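If you're matching positions, the sequence shown starts at 9 in our numbering and goes up one per residue. Heads up, the thing below is written out as structure tokens.
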Amino acid sequence: MPVKDPPPPPGKLFWVFAVILCACTLTALLVTALQIKRRKMAARYGERITETAPDAAIPEITLRRGQTTCIEHFSLDFGKASDGLEVHSAQGLPLVRYSDLKKGVEMGWQELRLRLVDVTPDELRIAAAFQPGAPCFGPGDYTTLRTGLRIELPGGRSVTVLGWDAAKSEARLQIESGGRAEELTLGSGPERSVLGVRVALQGQGLHLE
Numbered sequence: 009m010p011v012k013d014p015p016p017p018p019g020k021l022f023w024v025f026a027v028i029l030c031a032c033t034l035t036a037l038l039v040t041a042l043q044i045k046r047r048k049m050a051a052r053y054g055e056r057i058t059e060t061a062p063d064a065a066i067p068e069i070t071l072r073r074g075q076t077t078c079i080e081h082f083s084l085d086f087g088k089a090s091d092g093l094e095v096h097s098a099q100g101l102p103l104v105r106y107s108d109l110k111k112g113v114e115m116g117w118q119e120l121r122l123r124l125v126d127v128t129p130d131e132l133r134i135a136a137a138f139q140p141g142a143p144c145f146g147p148g149d150y151t152t153l154r155t156g157l158r159i160e161l162p163g164g165r166s167v168t169v170l171g172w173d174a175a176k177s178e179a180r181l182q183i184e185s186g187g188r189a190e191e192l193t194l195g196s197g198p199e200r201s202v203l204g205v206r207v208a209l210q211g212q213g214l215h216l217e
């Protein structure tokens, strides 16, 4: 029987495709592992995860007085008896209350960013988006404090919670503005002004202007 010649060795193009395929497989495995870790962490803290692309815009929301609407694992409440807009967690825990409800004002609790497109006494039109990793933004009453919470304010100012003692109702804060930073320990009492930021501890919440 005639002996067949062995097949030629794979060419350079074959190895290029093989390397690309391996890289794609490893990337997919890494993304899957990160998603699983994220879901486990969210489940540990009782959050409901829905997939949203980074910086994904959400259709404008019309919120009438007395209504509550859900956005992913948050809810927005426009109270009947007040002029404030509250952001609540998935468990209904109040996180922050914003009172400066004017057209064009921006605000946000961590990754949830809000902009008031139009404001009337009985209705808010809101543009919302998710920005993963973003800090809180805007003056308001932050009712859920914890160490590490960072709140940015217009004009390049910011407040970071360095320590929070709920039993004593005492917060240690770092306030930054114009390249300067100051620390202070704040307890229940009158409002204080530091580097152009007015702060007051009201019960278990932090009031910022």
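Just so it is clear, CB atoms sit at the ideal spot from N, CA and C, and this is done for glycine as well. Given the structure is predicted, the values throughout are model-derived calculations rather than measurements.
Integer Cβ distance of residue i from residue j, believed to fall under 8 Å
i	j	result
residue 88	residue 74	4 Å
residue 145	residue 116	4 Å
residue 103	residue 86	Between residue 86 and residue 103 the Cβ distance is about 15 Å, and since that is not below 8 Å, they are no contact.
residue 143	residue 159	6 Å
residue 209	residue 177	6 Å
residue 200	residue 149	Contact flag wrong, Cβ pair sits at about 16 Å.
residue 174	residue 118	The pair is not a contact, with the Cβ atoms about 20 Å apart (cut-off 8 Å).
Beta-ladder partner(s) of residue i, from DSSP
i	result
residue 85	76 and 94
residue 99	Answer is none; residue 99 lacks a bridge partner.
residue 203	Residue 203 pairs with nothing; no bridge assigned.
residue 126	133
residue 208	215
Of the residues the options, the one placed nearest residue i, counting alpha carbons only
i	options	result
residue 167	177, 154, 173 and 176	154
residue 80	90, 91 and 120	120
residue 163	84, 178 and 147	147
residue 130	113, 109 and 122	109
residue 132	182, 92 and 212	92
residue 125	175, 67 and 98	67
residue 194	98, 172 and 188	172
residue 96	187, 181, 197 and 152	152
residue 181	187, 192 and 137	192
Sequence-distant residues of the same chain with beta carbon closer than 6 Å to residue i, five excluded per side
i	result
residue 165	185 and 205
residue 123	114 and 135
residue 217	147 and 206
residue 183	167, 190, 202, 203 and 205
residue 196	177 and 209
residue 107	92
residue 94	85, 102 and 105
Own chain, CB closer than 7 Å to residue i, minus 5 neighbours either side, in chain order
i	result
residue 77	69, 71, 83 and 84
residue 127	109, 110 and 111
residue 156	169
Min CB distance residue i to chain B below 8 Å
i	result
residue 67	The structure shown contains no chain B; it holds only a single protein chain.
Same chain only: Cβ atoms within 8 Å of residue i, ignoring 5 sequence neighbours per side
i	result
residue 198	208
residue 230	Given a span of 9 to 217 for the chain in the structure shown, any question on residue 230 remains unanswerable.
residue 188	203
ask   = At which residue ranges does the region 151-192 contain complete beta strand (DSSP E) runs of 3 or more residues, listed in the order of the chain?
value = Entirely contained in the region 151-192, the beta strand (DSSP E) runs reaching 3 residues are, in chain order, 158-161, 165-173 and 178-185.
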